[in-house]
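K.L.:
There's a structure below that I have some questions on.
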Amino acid sequence: MTAKDAVEQAYRDHWSRLLALLVTRLRRFDVAEDGLQDAFLAAARTWPHQGVPANPAAWLLTAAHRRALDRIRREDNDRRRLPLLVTDLIAEDVVPPDPDPDAIVDERLRLLFACCHPALSPDARAALMLRFGAGLKTAEIARLFLVPESTMAARLTRAKAKMALAGIPLRRPAAEDLPPRLSVMVKVVYLLFAEGYRATSGPELQRPELAAEAIRLGYLLGELLRGDDEILALLALMILQHARRDARIDGEGRLVLLADQDRTKWHHDEIDRGLELVRGLGPASGDYHLQALIAAEHSTSGVTDWPRIAGLYAELERRTGSPVVRLNRAVAIAEAGAPQEALIVLDNLDEALPTNHLVPTVRAELLSRLGRRAEAVAAFDAALLLVRTDAERAHLERRRADQA
Amino acid sequence: MEYALLIYGDEKVWASRDEEQGRDNNVRHERFAGMLARRDAMRGGKQLALASSATTLRHSDGDVSITDGPFAETAEVFGGFYLIEAADLDAAIALAKELPEGVVEIRPIVPMAESGS
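What follows is the structure, given as structure tokens:
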């Protein structure tokens with residue numbers, strides 16, 4: 001391996017961990033980041049001549065720490081901030097990397113809890129998680145968020161300034177605050193994934209690279225939180241959904257429904273991993289767990305157990321009260337062989353989801369299946385008023401014509 | 001760190017309190033202030049008179065205009081504040097949760113050495 005490769009590998013393997021160590025010790029995001037950047041530049045300059053050090057992480061940490069302190073000394077000419085920061089640091093110019101894996105886990109978690117603090121905006125939390133959890137560069141995050149790099153740089157700077165000025169702590173939340181804070185952290189990952197799975201902006205229907213980053217964060221949190229069922233359930237859910245990415249879009253860039261997907265395009269190794277995670281979960285408890293169980297049911301190679309899926313949706317609807325979940329439950333009930341009952345479940349959904357064309361679409365298909373053709377045509381007309389993509393409009397028009 | 005806890009609310013509700021409700025409110029605030037004092041977190045605080053008593057002064061182009069009323073006419077108005085000492089934002093939030101008011105904005109105070117020009 002060349003020295004250049006060694007620097008790149010050190011970046012991949014150690015950047016996030018080293019940053020967590022530096023931030024928790026210096027209590028300054030900006031200085032820690034800049035110091036670490038300086039250290040990697042120094043490594044790229046010196047390793048080719050002096051050779052790759054025996055312990056690259058220790059070398060980088062020492063170099064980054066020294067450079068970060070230099071920066072603090074330079075900016076604090078009048079030393080106003082020094083008493084706060086450096087009393088325990090000035091003396092230890094050489095910091096060995098912490099050998100205790102528990103301490104590393106703790107430092108990384110503290111950093112991520114700070115990134116997901118409820119006092120930060122949801123956008124800022126997601127960007128900070130990608131920066132400090134996934135270790136992406138600003139330009140990469142900007143690409144994922146479909147904004148110019150300068151916009152993302154400003155957003156990150158603003159978020160880091162808020163963290164420092166508002167006094168967002170770098171520590172584990174108090175025991176009584178832990179469950180809601182964990183939920184916020186898991187939600188950040190979920191929202192990143194959801195945007196990747198079904199994009200709400202940009203020209204693409206799905207953005208697999210964003211979904212893949214969310215899964216990486218899910219793995220990281222699963223590792224750091226050791227067996228927290230909520231994050232493991234979300235991880236399973238994400239893996240199972242993401243495994244179908246190549247089958248979800250057809251040759252013309254249109255979304256393909258589950259029943260019509262080419263299963264040979266599913267990533268079966270990933271599905272196996274997701275199913276294994278689902279089996280390892282405790283008794284069904286949270287929303288992500290129920291969704292993971294539904295995704296697992298859809299991923300099995302045998303006959304889909306629609307009554308079970310309808311039951312899981314019923315439980316999810318009871319917990320969330322979500323009209324979208326209710327719509328899915330109606331479809332599952334119909335697939336389980338009870339279209340009449342499904343029609344009743346659809347009642348009142350038009351008020352809850354007045355702009356969603358899927359409500360009249362599902363109703364139309366159910367009426368068609370029951371042979372109530374005139375009513376089905378009326379429902380297709382209602383759906384055509386709401387549908388937004390050309391592909392779906394064409395499909396609805398074909399289905400409407402079929403009723404004649 | 002020092003934080004200001006800024007209290008906002010519907011002044012109509014405040015203004016329509018009868019004597020007993022006013023006393024209850026005072027008791028709640030005395031309790032809160034006592035809790036702060038016991039934790040050595042109390043650094044000050046005041047209740048403001050109703051916004052209708054406010055006078056607003058504006059400098060522009062060397063002129064000074066003086067108008068009746070608060071700076072912004074909004075449904076929810078600034079009604080009072082506490083200054084507290086807390087280790088960090090989480091500690092400040094924990095204290096602010098005890099404050100018996102509907103909306104509380106938490107603002108860090110700029111340290112004295114840095115607040116000068």
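So the sequences go chain by chain: A and B.
At position 4 of the first sequence the residue is numbered 4 (our numbering), and the sequence of numbers has no breaks.
At position 49 of the second sequence the residue is numbered 49 (our numbering), and the sequence of numbers has no breaks.
Idealized CB from N, CA, C, for every residue including glycine.
1) Closest to H298/A by C-alpha separation, out of L21/A, W59/A, D34/A and N328/A, would be which residue?
2) In the region 30-47 of chain B, which residues sit with their C-beta less than 8 Å from some C-beta in chain A, listed in chain order?
3) Compare the beta carbon distance of A128/B and I106/B with 7 Å and say whether it is the shorter of the two.
4) Touching or not, the region 216-234 of chain A and the region 183-197 of chain A, by the rule of three or more beta carbon pairs under 8 Å?
5) Taking DSSP as the reference, what is the three-state secondary structure of E73/B?
6) Could you check the C-alpha separation between M238/A and H14/A for me, to the nearest Å?
7) State the DSSP-derived secondary structure class of V104/B, mapped to helix, strand or coil.
8) Is the Cβ of L83/B closer than 7 Å to any Cβ of chain A?
9) Please name the residue in H117/A, A199/A, D246/A and L130/A whose C-alpha comes closest to that of P180/A.
10) Is the region 239-246 of chain A close to the region 264-271 of chain A, with three or more CB pairs under 8 Å?
11) If you check the beta carbons only, do L349/A and P323/A fall under 7 Å apart?
12) State the DSSP-derived secondary structure class of K46/B, mapped to helix, strand or coil.
13) Run through the DSSP bridge pairs and tell me what D63/B is partnered with.
14) Could you name the residues of the same chain whose beta carbon sits closer than 6 Å to that of L353/A, not counting the 5 residues immediately before and after it, in chain order?
15) Suppose the cutoff is 6 Å on Cβ atoms and the five residues either side in sequence are ignored; what does the same chain contact list for A44/A look like?
16) Counting C-beta neighbours from all protein chains within 10 Å, is the total for G133/A 16 or more, i.e. buried, or is it exposed?
17) Assuming I7/B and F81/B make a contact with CB atoms under 8 Å, what is their CB distance in whole Å?
18) So, for A63/A: in the same chain, excluding its five sequence neighbours on each side, which residues have a beta-carbon less than 6 Å away from its beta-carbon?
19) Pull up the DSSP beta-bridge partners for G9/B, would you.
20) Can you round the beta-carbon distance between L83/B and G22/B to whole angstroms, since I take them to be within the 8 Å contact cut?
21) Mark I344/A as exposed unless 16 or more other C-beta atoms lie within 10 angstroms of its C-beta, in which case mark it buried.
22) Can you tell me whether S16/A is buried or exposed? The criterion is at least 16 other CB atoms within 10 Å of its CB, across all chains shown.
23) Take L232/A and list the residues in its own chain whose beta-carbon comes closer than 8 Å to its own, dropping the five residues that flank it on each side.
24) Per DSSP, what are the beta-bridge partners of D68/B in this structure?
25) At least one CB of chain A closer than 7 Å to the CB of L89/B: is that the case?
26) Of the choices M1/A, R399/A, S301/A and K160/A, whose alpha-carbon is the least far from that of V362/A?
P.N.:
Looking at the coordinates:
1) N328/A is the residue among L21/A, W59/A, D34/A and N328/A whose C-alpha sits nearest the C-alpha of H298/A.
2) Those residues of the region 30-47 of chain B that come within reach of chain A (Cβ to Cβ, closer than 8 Å) do not exist; the list is empty.
3) Residue coverage of chain B in this structure runs from 1 to 117, which leaves residue 128/B outside it and unanswerable.
4) Output reads yes: the region 183-197 of chain A touches the region 216-234 of chain A.
5) In this structure, DSSP gives E73/B a state outside helix and strand, which the three-state scheme calls coil.
6) CA-to-CA, the gap between M238/A and H14/A works out to about 25 Å.
7) It is a strand residue.
8) With 7 Å as the cut-off, L83/B does not count as an interface residue toward chain A.
9) Checked all of H117/A, A199/A, D246/A and L130/A; the closest Cα to P180/A is H117/A.
10) The region 239-246 of chain A is in contact with the region 264-271 of chain A.
11) Their beta carbons are under 7 Å apart, which means L349/A touches P323/A by this criterion.
12) In this structure, K46/B counts as strand in the three-state DSSP scheme.
13) In the DSSP assignment, the residues bridged to D63/B are S60/B.
14) If you ignore the 5 residues before and after L353/A, its C-beta comes within less than 6 Å of the C-beta of P323 and V359, all in its own chain and listed in chain order.
15) Once the five neighbours on either side are set aside, the close Cβ partners of A44/A are V7.
16) Counting every other CB atom within 10 Å of its CB across the protein chains shown gives G133/A a total of 16 or more, marking it as buried.
17) Their Cβ separation, rounded to whole angstroms, is 6 Å, which keeps I7/B and F81/B in contact under 8 Å.
18) Same-chain partners within the cutoff: A39 and A42.
19) Paired residue(s): V77/B.
20) That belief does not hold up - the Cβ atoms of L83/B and G22/B are roughly 23 Å apart, past 8 Å.
21) Around the beta carbon of I344/A, fewer than 16 other beta carbons sit within 10 angstroms, so the residue counts as exposed.
22) Looking at its Cβ environment, which holds 16 or more other Cβ atoms inside 10 Å, S16/A is buried.
23) In chain order, G222, L277, G280 and L281 place their CB closer than 8 Å to the CB of L232/A, counting only its own chain and leaving out the 5 sequence neighbours on each side.
24) D68/B is bridged by DSSP to T55/B.
25) Contact of L89/B with chain A is assigned, a C-beta pair being separated by under 7 Å.
26) If we check each option's Cα against that of V362/A, R399/A comes out closest.
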